[in-house]
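K.L.:
Take a look at the following structure, please.
Numbering (the numbering used here), first residue to last: 47 to 422.
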């Protein structure tokens with residue numbers, strides 16, 4: 047018997063692949079910025095105080111400013127904005143990684159504090175104010191913005207209490223220093239005989255400048271007071287070494303007190319800040335300027351007006367920075383002049399403070415009225 051063996055063919059059928067479900071999108075990297083707004087320095091603690099109601103924008107940086115300053119340029123529309131609460135902070139979340147500029151958008155409503163729009167760091171010229179930060183995925187970046195206080199109105203009458211805060215930093219040439227001294231003595235003489243009280247203070251790296259002593263406001267109504275203030279001006283000495291830097295912050299911290307006017311006389315920009323001074327670096331940067339603005343705010347918050355006078359090489363002066371610690375009006379809140387032109391500025395200031403006039407003419411005495419005569 048023969049058995050026939052046949053071939054059996056098997057078809058290989060591929061396994062069925064399940065239909066794909068909805069895809070899960072990749073997570074978008076996000077970060078956030080926490081911003082703190084600060085204003086006047088607290089004289090007791092030395093810390094700038096929080097500013098509530100400040101609206102702050104976080105703006106994406108899109109390029110480098112023309113001219114090679116390295117200052118990033120940002121588009122007009124912010125990537126996010128927030129308004130600070132009572133503790134002076136707020137945050138902007140959901141930001142893609144990258145560089146941003148944190149900028150003040152408005153003045154806090156109902157406040158004497160104002161946003162800073164422009165500052166002038168060394169070598170850059172005036173630039174828009176803001177803090178550049180880099181946001182990274184999942185991280186929180188911090189930034190702090192300073193706000194300046196409005197300058198109080200000038201005191202009325204002729205009995206103002208004035209303190210002249212004199213820069214003794216090492217950048218003042220001997221000839222300029224001598225011219226400044228002569229002009230200041232003339233300022234004192236212009237006010238002699240008035241009810242003004244004038245004090246003499248100084249600063250360099252510290253305030254008073256090393257080797258100097260401050261003199262409280264002294265009445266100029268009599269020759270003895272004038273002579274005392276003259277002696278205070280002539281006794282000013284310039285320090286050397288690391289004591290010769292320019293610290294507006296320290297100068298203005300020391301000026302907080304019961305007075306009507308502080309005149310900040312300086313030959314340039316702040317190069318250090320802090321009490322004691324923080325250095326190195328010795329440079330005019332955002333931190334040095336912001337620290338001076340906070341201390342100026344403490345002076346103004348006490349009701350004291352500040353007039354800032356920049357004297358020396360005009361190329362070394364910054365009306366922008368002088369205005370930040372005083373007020374915006376040139377020729378009223380702040381001045382820029384040479385050492386030779388300082389006397390004219392002092393005359394302008396003296397006239398604004400008080401111009402002693404001639405003794406008033408005595409009023410004529412009325413004719414005597416004869417007593418009535420009675421007849422009877």
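Glycine is no exception: its CB is placed at the ideal position from the N, C-alpha and C atoms.
Using DSSP with H/G/I as helix, E/B as strand and the rest coil, what is residue 276?
P.N.:
For the purposes of this step, residue 276 is identified with residue 230 of the chain shown, where counting begins at 1. Residue state, collapsed to three classes: helix.
K.L.:
At which residues does the beta strand (DSSP E) containing residue 352 begin and terminate?
P.N.:
The count along the chain shown starts at 1 and reaches residue 352 at position 306. 351 to 357 is the extent of the beta strand (DSSP E) around residue 352.
K.L.:
Work out the CA separation of residue 159 and residue 373 for me, nearest whole Å.
P.N.:
For this step, residue 373 is matched to residue 327 along the chain shown. For this step, residue 159 is matched to residue 113 along the chain shown. Taking the straight line joining both Cα atoms gives about 12 Å.
K.L.:
Should residue 183 and residue 77 be called a contact, given that it needs their Cβ atoms to be closer than 8 Å?
P.N.:
The residue you call residue 183 lines up with position 137 of the chain shown. The residue you call residue 77 lines up with position 31 of the chain shown. Taking 8 Å as the Cβ cut-off, residue 183 and residue 77 qualify as a contacting pair.
K.L.:
Quick one: residues in its chain with C-beta nearer than 6 Å to the C-beta of residue 87, no 5 flanking neighbours on either side, listed in chain order?
P.N.:
Mapped onto the chain shown, residue 87 falls at position 41. 94, 340, 341, 344, listed in sequence order.
K.L.:
Just list the residues that DSSP pairs residue 136 with in beta bridges.
P.N.:
Within the chain shown, the letter at position 90 stands for residue 136. Paired residue(s): 81.
K.L.:
What number of angstroms, rounded off, separates the C-alpha of residue 303 from the C-alpha of residue 138?
P.N.:
Position 257 of the chain shown, counted from the start, is the residue given in the question as residue 303. Position 92 of the chain shown, counted from the start, is the residue given in the question as residue 138. When rounded, the distance between both Cα atoms is 39 Å.
K.L.:
Considering only DSSP beta bridges, list what residue 265 is partnered with.
P.N.:
On the chain shown, position 219 is the one that residue 265 refers to. 243, per the DSSP bridge assignment.
K.L.:
Taking Cβ positions, are residue 130 and residue 178 nearer each other than 8 Å?
P.N.:
On the chain shown, position 84 is the one that residue 130 refers to. On the chain shown, position 132 is the one that residue 178 refers to. The answer is no: Cβ separation not under 8 Å.
K.L.:
Between the beta-carbon of residue 291 and the beta-carbon of residue 241, is there less than 8 Å?
P.N.:
Along the chain shown, read from residue 1 onward, the residue named residue 291 stands at position 245. Along the chain shown, read from residue 1 onward, the residue named residue 241 stands at position 195. No, Cβ-Cβ distance for residue 291 and residue 241 is not below 8 Å.
K.L.:
Would you list the one or two residues that DSSP bridges to residue 372?
P.N.:
As a working note, residue 372 is residue 326 in the chain shown. Residue 372 is not bridged to any residue.
K.L.:
In its own chain, which residues sit with a C-beta less than 7 Å from the C-beta of residue 148, not counting the 5 before and 5 after it?
P.N.:
Taking the first residue of the chain shown as 1, we reach residue 148 at position 102. Excluding residues within five positions, the ones whose Cβ falls inside 7 Å are 79, 81, 102, 104, 176, 177, 179, 189, 191.
K.L.:
Measure the CB-CB distance between residue 371 and residue 309 and report whether it falls below 8 Å.
P.N.:
By 1-based counting over the chain shown, the position of residue 371 is 325. By 1-based counting over the chain shown, the position of residue 309 is 263. Contact flag unset, no.
K.L.:
Return yes when at least one heavy atom of the ligand NAP lies under 7 Å from the C-beta of residue 324, else no.
P.N.:
In the structure on display, the ligand NAP does not appear, and there are no ligands present to speak of.
K.L.:
Ignore the nearest five residues each way along the sequence and tell me which others in residue 215's own chain have a CB closer than 7 Å to its CB.
P.N.:
Start at 1 with the first residue of the chain shown, and residue 215 comes out as number 169. Cβ within range, chain order: 250, 290, 291, 292, 313.
K.L.:
Inspect the CB distances between the region 324 to 333 and the region 342 to 361 and report whether three or more fall short of 8 Å.
P.N.:
No, the region 324 to 333 is not in contact with the region 342 to 361.
K.L.:
Could you check whether residue 198 and residue 398 sit closer than 8 Å to each other, using their CB atoms as the reference points?
P.N.:
Translated into positions along the chain shown, residue 398 becomes position 352. Translated into positions along the chain shown, residue 198 becomes position 152. For residue 398 and residue 198, no; Cβs fall outside 8 Å.
K.L.:
Residue 163 to residue 381, Cα distance in whole Å?
P.N.:
On the chain shown, position 117 is the one that residue 163 refers to. On the chain shown, position 335 is the one that residue 381 refers to. Roughly 20 Å separates the two Cα atoms.
K.L.:
So, under 8 Å CB-CB, residue 208 and residue 245 are touching, yes? Tell me the CB distance rounded to an integer number of Å.
P.N.:
For the purposes of this step, residue 208 is taken as the residue at position 162 of the chain shown. For the purposes of this step, residue 245 is taken as the residue at position 199 of the chain shown. So it is a contact: roughly 7 Å between Cβ atoms.
K.L.:
Once DSSP output is grouped into helix, strand and coil, what is the label at residue 299?
P.N.:
As a working note, residue 299 is residue 253 in the chain shown. Of the three classes helix, strand and coil, the one that applies to residue 299 here is helix, per DSSP.
K.L.:
What are the residues that DSSP puts in a beta bridge with residue 128?
P.N.:
Here residue 128 corresponds to residue number 82 of the chain shown, with the count starting at 1. Looking at the DSSP assignment, residue 128 forms a beta bridge with 102.
K.L.:
Counting contacts by CB-CB distance shorter than 8 Å, is residue 79 in contact with chain C?
P.N.:
Annotation note: the requested chain C is absent from the structure, which comprises a single protein chain.
K.L.:
Can you tell me where the beta strand (DSSP E) holding residue 177 begins and where it ends?
P.N.:
Here residue 177 corresponds to residue number 131 of the chain shown, with the count starting at 1. Taken as a continuous stretch (DSSP letters only), the beta strand (DSSP E) holding residue 177 covers 177 to 181.
K.L.:
Below 8 Å CB to CB, which residues in the same chain sit around residue 195 once its five sequence neighbours on both sides are set aside?
P.N.:
Your numbering for residue 195 matches position 149 in the chain shown. Excluding residues within five positions, the ones whose Cβ falls inside 8 Å are 85, 86, 158, 159, 160, 342, 343, 346, 347.
K.L.:
Identify whether residue 165 lies in helix, strand or coil by the three-state DSSP scheme.
P.N.:
Working through the chain shown from its first residue, we reach residue 165 at position 119. Here residue 165 sits in strand by DSSP.
K.L.:
Can at least three beta-carbon pairs, one atom from the region 258 to 277 and one from the region 219 to 228, be found at a separation below 8 Å?
P.N.:
At 8 Å Cβ cutoff, the stretches do not touch.
K.L.:
Indicate the three-state DSSP secondary structure (helix, strand or coil) for residue 207 in the structure shown.
P.N.:
Looking up residue 207 in the chain shown gives position 161. Strand at residue 207.
K.L.:
So the beta strand (DSSP E) residue 148 belongs to, where does it begin and stop?
P.N.:
The residue given as residue 148 occupies position 102 in the chain shown. Element bounds for residue 148: 144 to 150.
K.L.:
What separation, rounded to the nearest whole angstrom, lies between the Cα atoms of residue 146 and residue 125?
P.N.:
Locating residue 146 in the chain shown gives position 100, where the first residue counts as 1. Locating residue 125 in the chain shown gives position 79, where the first residue counts as 1. Whole-angstrom Cα-Cα distance: 9 Å.
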